[in-house]
Amino acid sequence: MKRTYSHLAATVCLAIFSCIFMQAQIIDTKEGPFVENDTTFLRKIYYQFPNESHTHSLYIETDRNSEEYQEYLRTLYDADSEIPQLLSSAGTVCRKYGELSADSAKKLNGIYLPLHKYRGKYYLYNSSACKTWKQIESPFLICQYQDGPYLYGITHIEQTSASSYHLQTDDCINNMYNSVKALDIYIIDEEKGIYVWKSQTEKEVCYDLYVEKSKAGAFDLINWLVIELEDEFDKFEPIDYEEIIRQKKLF
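The number in our numbering is simply the position in the sequence shown, starting from 1, with 1 added.
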């Protein structure tokens with residue numbers, strides 16, 4: 002019964018909060034970039050609630066030691082503890098990957114954070130919804146989106162050049178629609194931890210630019226400070242991934 006009452010109480014609280022937030026009005030929106038107190042803001046949204054006001058801010062965080070920057074770098078997923086938990090609920094199809102030799106993939110092991118381009122520079126981005134990242138913990142690929150994490154088995158890995166790898170993967174737990182089937186990883190700058198990932202799903206081919214988490218401190222963070230979900234930042238510039246692969250450098 003306690004569990005039932007707790008659930009009911011949480012539902013009531015959520016409903017009350019939702020009603021209060023629905024009473025909020027946007028009284029002003031200021032688009033950037035503009036500078037206030039040495040901070041570059043890309044957007045500010047001013048809300049008026051019945052009894053108070055709030056400001057949602059999208060800004061560029063340059064202080065690597067700030068609470069916001071450090072919070073972004075914290076990973077919510079512990080591969081050492083949670084992979085066995087996921088595998089315990091999977092069938093033998095997925096468990097078999099643990100028996101494969103993972104030596105060839107160990108060079109790629111790590112957590113990869115996405116980079117975005119804005120006004121000619123590259124940034125980390127902390128959205129209003131969730132963190133997104135990828136992790137290779139051979140012989141597994143972990144993908145974190147708005148929900149997840151999703152676990153793939155790496156069924157095959159081949160070094161296709163001095164700076165590229167081809168991986169084949171199997172969505173052996175989630176059975177997601179349009180799941181990743183193959184992955185090409187291009188090393189752009191090994192010293193700086195920059196990579197282009199080309200993911201092939203059942204329906205499409207997608208490119209992404211990543212930096213290793215351990216080397217992410219080279220990039221500023223575009224960060225949302227919000228109390229409620231906001232529309233994502235829509236002014237990122239397109240990235241010419243093929244040109245980056247050819248040139249082996251960011252530009």
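Ideal placement from N, C-alpha and C gives every residue a C-beta, glycine not left out.
Query                                                                                                                                                               : Result
Would a C-beta distance cut-off of 7 Å place threonine 170 and isoleucine 155 closer than the cut-off?                                                              : yes
Taking the alpha carbon of lysine 249 as the point to measure from, which residue in Phe237, Ile28, Asn224 and Leu210 has its own alpha carbon closest?             : Leu210
Can you tell me whether alanine 1 is buried or exposed? The criterion is at least 16 other CB atoms within 10 Å of its CB, across all chains shown.                 : This structure cannot speak to residue 1, because the chain is shown only from 2 to 252.
Going by DSSP, which residues form a beta bridge with tyrosine 73?                                                                                                  : According to DSSP, which records beta bridges pairwise, tyrosine 73 is partnered with nothing at all.
Take tyrosine 196 and list the residues in its own chain whose beta-carbon comes closer than 8 Å to its own, dropping the five residues that flank it on each side. : Tyr113, Ile186, Tyr187, Ile188, Ile189, Leu210, Tyr211, Val212 and Glu213
Within 10 angstroms of its Cβ, does glycine 121 collect 16 or more other Cβ (buried), or is it exposed?                                                             : exposed
Using DSSP with H/G/I as helix, E/B as strand and the rest coil, what is alanine 183?                                                                               : strand
Return the first residue and the last residue of the beta strand (DSSP E) that arginine 44 is part of.                                                              : 40-49
If you check the beta carbons only, do methionine 125 and leucine 251 fall under 7 Å apart?                                                                         : Strictly speaking, residue 125 in this sequence is leucine, with methionine absent from that position. No. Outside cutoff.
Residue ranges of each alpha helix (DSSP H) run of no fewer than 4 residues wholly in the region 106-158, ordered along the chain?                                  : none
Can you give the Cα-Cα distance for threonine 40 and lysine 135, rounded to whole angstroms?                                                                        : 30 Å
Quick check: tyrosine 60 and phenylalanine 35, are their CB atoms within less than 7 Å of each other?                                                               : no
In angstroms with no decimal places, state the Cα-to-Cα distance between isoleucine 273 and serine 129.                                                             : Look at the range of the chain in this structure, 2 to 252, and you will see that residue 273 is not part of it.
What span of residues does the beta strand (DSSP E) with glutamate 243 cover, start to end?                                                                         : Looking at the DSSP string, glutamate 243 is not in any beta strand (DSSP E); the run it does join, the alpha helix (DSSP H), is 242-248.
So what does isoleucine 28 bridge to, in DSSP terms?                                                                                                                : Paired residue(s): none; isoleucine 28 is not in a bridge.
Exposed or buried, what is valine 206 when buried is set at 16 or more other beta-carbons lying within 10 Å of its beta-carbon?                                     : exposed
I need the DSSP call for lysine 199, collapsed to helix, strand or coil.                                                                                            : strand
From which residue to which residue does the beta strand (DSSP E) around threonine 170 run?                                                                         : 165-171
To the nearest angstrom, report how far apart isoleucine 27 and glutamate 68 are at their CA atoms.                                                                 : 27 Å
Threonine 202: which of Glu191, Lys182, Ser215 and Tyr242 sits nearest, CA to CA?                                                                                   : Lys182
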